[in-house]
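Engineer: Numbers 11 to 92, taken from the working numbering, label the letters of the sequence shown in order. Ideal placement from N, C-alpha and C gives every residue a C-beta, glycine not left out. The following block contains the structure, expressed as structure tokens.
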Amino acid sequence: MLKKNNFENALKRLEEIVQRLEGGELSLDESLKLFEEGIELSRVCTKKLSEAESKVEKLVKLGEKEFKTESLEMEEGEEEEK
Numbered sequence: 011m012l013k014k015n016n017f018e019n020a021l022k023r024l025e026e027i028v029q030r031l032e033g034g035e036l037s038l039d040e041s042l043k044l045f046e047e048g049i050e051l052s053r054v055c056t057k058k059l060s061e062a063e064s065k066v067e068k069l070v071k072l073g074e075k076e077f078k079t080e081s082l083e084m085e086e087g088e089e090e091e092k
């Protein structure tokens, strides 16, 4: 597993794992090890995305030269995944 699991590294490794698993040339034990690593990386990516989502704000215009920020809410029709 990667020592420094930033989002980009985790996602890249997860893509590599998916390619290897889809190749179908691994033993059952190798496949299970990679699957377990993939699950962990998926959790890392999900956590990082959730953290980023909670930090995203939108700028709202109050008047001609007044602005404020507020939390970004899901647009109508978009579903929040948990």
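1) Going by Cα to Cα distance, which pick from E26, F77 and G73 is closest to E47?
2) To which residues of the same chain is G31 closer than 8 Å at the C-beta, ignoring the five residues directly before and after it?
3) Just how far apart, CA to CA, sit S64 and G73?
4) If we call anything under 8 Å between Cβ atoms a contact, is L59 one with A20?
5) How is K78 classed by DSSP in three states: helix, strand or coil?
Structural biologist: Taking the geometry as given:
1) Measuring C-alpha to C-alpha distances from E47 to each of E26, F77 and G73 identifies E26 as the nearest.
2) At residue 31 the sequence reads Leu, which differs from the Gly that was named. Cβ within range, chain order: S41, L44, F45 and G48.
3) 26 Å
4) no
5) In the structure shown, the three-state DSSP call for K78 is strand.
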